[in-house]
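Visitor:
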Amino acid sequence: MSIKKGILLCLACVCFAWGFAENTLNMFLDYNRFLDKDKNTVLLVDYQIPYRNLVFVARDGGYFAAVNVSVEFMHGDSVSIRQDVTDNIGISNKADASSRQKTYLNRLSFVLDNSASLLKFSAIDVNSQKSFSWQFPVQKLPPTAILSDLELNSEVRPDTLQFLAKFHRKNVLYRPEPSILINRSLNDNVYLFLEAYHNQGIANGSNLLNLSLEKDSLIIMDEYKDYLPEKPSESFSLKIPLAELALGKYNGTVTLQSGEITETRTFEFVLLEDAEEFVTLFTNPDDEYELMRYFMGNRMPADWKGFSIEKKKRFATQFWVNMANSTKRDVKSIMSLVQERVDYCNRYFGHLSPGWTSDMGRIYIRNGAADDIDRDVSTDQSRFVRKDYQIWKYSTGNKAVYIFVDIQMNGNYRLIYADNDDLENSDPDWMRFIGTDFDESRLDN
12 MSIKKGILLC LACVCFAWGF AENTLNMFLD YNRFLDKDKN TVLLVDYQIP
62 YRNLVFVARD GGYFAAVNVS VEFMHGDSVS IRQDVTDNIG ISNKADASSR
112 QKTYLNRLSF VLDNSASLLK FSAIDVNSQK SFSWQFPVQK LPPTAILSDL
162 ELNSEVRPDT LQFLAKFHRK NVLYRPEPSI LINRSLNDNV YLFLEAYHNQ
212 GIANGSNLLN LSLEKDSLII MDEYKDYLPE KPSESFSLKI PLAELALGKY
262 NGTVTLQSGE ITETRTFEFV LLEDAEEFVT LFTNPDDEYE LMRYFMGNRM
312 PADWKGFSIE KKKRFATQFW VNMANSTKRD VKSIMSLVQE RVDYCNRYFG
362 HLSPGWTSDM GRIYIRNGAA DDIDRDVSTD QSRFVRKDYQ IWKYSTGNKA
412 VYIFVDIQMN GNYRLIYADN DDLENSDPDW MRFIGTDFDE SRLDN
């Protein structure tokens, strides 16, 4: 049994026994070895802690956890290298502390020397005093190695942000998954990052890279890649689509043949899927999109049309969870409130189209009933025949003020002026609709 498989099986047992391990900080640990340009072995130690396994303490307007991590490299009974790290973990949303998906991820990097033969890893949650410890033998990659270890990634995408900066390679985020538990509800693919090394003396020619994947001793995937080496070290990210895979444990290998030399590395992962419960207000996800835009504005995903129905429902469900958290309600309560407002809008603002899609409907759904409504008719100083208009004022929050005009005199009021609302814009010529002699002091709030 390989070291990594031993870690996997033990961590799987830990996961199974979470409810019984009262004094254990349940987390995941993985490591991978690469060669640098001088043929030194670089050891990357990745660890992952689910938020729900940490204790967060409220302070300074947020919620904070702290974990003390210690790594020791042993040579016999002596410590040859020691590194201590304190991970300070902060969240702004209290609900994240019990999230099933959100985790803290960190990476420590070491250059191995000949003196270390065993790595000891320990971690303590400062707030709960729960602890985790593990140890495993470490061995350098030979300088003549042609293949690194295989880093399992749940996400690979272009990213120039500083978030998760330790996991970037040339402005691309390679998000590792130390748990090796891959959730198909959250990921469309799993990736293997590796480096191939082309040593002097190897004949110039095509190299052959093979990815093989098995489940229950049956070959599921067997792909080959021919390439001509261009640099002493080249990196690859091999993609494994998940859509057609059955749930369960997978084992695989990556083999590199370079000239007469062949090396193989193994990997494994467990494919899971949430039994998801979706909550939406509308049966049509695109109607849900329009409703969510009322609250999120340009923060809505631009590629919504490319989302699958399931992904749209998942996004909407998370929207309602966030709405509930921000309003300090439960999901059922906030959805019931918005549904009541949608029904009201359809009853009173619906003319040529459903009332909730009108300008008045948008404001009413987001803000509720106005505290003051001033109804009037435009004067002869406007560029149009006289038209009905309404001024809505809110006395709470940012004290927003709006003007709506019934431009076509059919009951479908259009928003022409908004103040103290960052999600709305005013028509630059709004006064031409109601008269240039309009007394702007009527907008004071």
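According to the working numbering, the residues represented by the sequence shown are 12 to 456, in order.
Just so you know, even glycine gets a beta-carbon here, dropped at the ideal spot from N, CA and C.
1. Which whole-angstrom value describes the C-beta separation of L55 and S120, a residue pair presumed to lie in contact below a C-beta threshold of 8 Å?
2. Checking 8 Å against the spacing of the C-beta atoms, do S142 and S91 come in under that value?
3. Work out the CA separation of K181 and G259 for me, nearest whole Å.
4. Who are the Cβ neighbours of T52 in its own chain at under 8 Å, not counting the five residues just before and after it?
5. Only counting runs of 4 or more residues, tell me where the alpha helix (DSSP H) segments fall wholly within the stretch 352–432, in order along the chain.
6. On the premise that V412 lies in contact with K404, defined as a C-beta separation below 8 Å, what is that separation, rounded to the nearest angstrom?
7. Under a Cβ-count criterion, where at least 16 other Cβ atoms within 10 Å of its own Cβ denotes burial, should V265 be classed as buried or exposed?
8. Checking 8 Å against the spacing of the C-beta atoms, do E225 and Y261 come in under that value?
9. Pop quiz: R186 and L175 are said to be a contact at Cβ under 8 Å. What is the actual Cβ separation, rounded to whole angstroms?
10. Of the residues I427, T390, D399, T338, which one's Cα is nearest the Cα of I374?
11. In terms of alpha-carbon separation, which member of N421, Q401, A381 lies closest to T407?
12. Does the stretch 95–107 come within contact of the stretch 71–84, defined as at least 3 CB pairs closer than 8 Å?
13. In the stretch 132–202, which residue ranges form an unbroken beta strand (DSSP E) of at least 3 residues, counting only runs that do not cross its ends?
14. Less than 8 Å between C-beta atoms, sequence neighbours within five positions excluded: which residues of the same chain meet that for Q112?
15. What is the DSSP secondary structure of M85, reduced to helix, strand or coil?
16. Quick check: what's the CA-CA separation for D440 versus N456?
17. Opposite A207 in the DSSP bridges: which residues?
18. What is the residue span of the beta strand (DSSP E) that A69 lies within?
19. Please report the straight-line C-alpha distance between Y62 and M38, rounded to a whole angstrom.
20. Which residue wins for smallest C-alpha separation from F326, given the options S244, Q350, E288, L267?
21. Using DSSP's beta-bridge definition, name the partner residues of G73.
22. Starting from T35 and walking both ways along the beta strand (DSSP E), at which residues does that stretch end?
23. Since P61 is in the beta strand (DSSP E), which residue starts that stretch and which ends it?
24. Cβ of S269 within 8 Å of Cβ of Y238?
25. What would DSSP say about S347, mapped onto helix, strand or coil?
26. Once DSSP output is grouped into helix, strand and coil, what is the label at T338?
27. Using the Cβ count rule (16 or more neighbours within 10 Å means buried), how would you classify F84?
28. E188 and S165 look like a contact to me (Cβ under 8 Å); what is the Cβ gap, rounded to whole Å?
29. Taking the alpha carbon of M334 as the point to measure from, which residue in A69, Y305, Y359, F360 has its own alpha carbon closest?
30. Taking all protein chains shown into account, do 16 or more other C-beta atoms lie within 10 angstroms of the C-beta of P296, making it buried, or fewer, making it exposed?
31. So, for P434: in the same chain, excluding its five sequence neighbours on each side, which residues have a beta-carbon less than 7 Å away from its beta-carbon?
32. Given this structure, state the Cα-to-Cα distance separating V10 from L292, to the nearest angstrom.
33. By a C-beta neighbour count over all protein chains shown, 10 Å radius and 16 as the cutoff for buried, is M420 buried or exposed?
34. Which residue comes first and which comes last in the beta strand (DSSP E) that contains L434?
35. Beta-carbon within less than 6 Å of L222's beta-carbon, same chain only, minus the 5 sequence neighbours each way: which residues are those?
36. In three-state DSSP terms, what is V290?
Guide: Let's see:
1. 6 Å
2. no
3. 33 Å
4. R44, F45, L46, V122, L123, K151, L152
5. 370–378
6. 5 Å
7. buried
8. yes
9. 7 Å
10. I427
11. A381
12. yes
13. 142–148, 162–169, 183–187, 192–194
14. N194, L197
15. strand
16. 21 Å
17. L158, E245
18. 68–70
19. 10 Å
20. E288
21. R70
22. Counting along the chain, T35 falls outside any beta strand (DSSP E), and DSSP gives it neither H nor E.
23. 52–61
24. no
25. helix
26. helix
27. buried
28. 4 Å
29. Y305
30. buried
31. What sits at residue 434 in the sequence shown is Leu, not Pro. Excluding sequence neighbours, L434 sits near G308.
32. As displayed, the chain neither begins before 12 nor continues past 456, which places residue 10 out of reach and without an answer.
33. exposed
34. From DSSP, L434 is part of no beta strand (DSSP E); its letter is neither H nor E.
35. E234, L249, V265
36. coil
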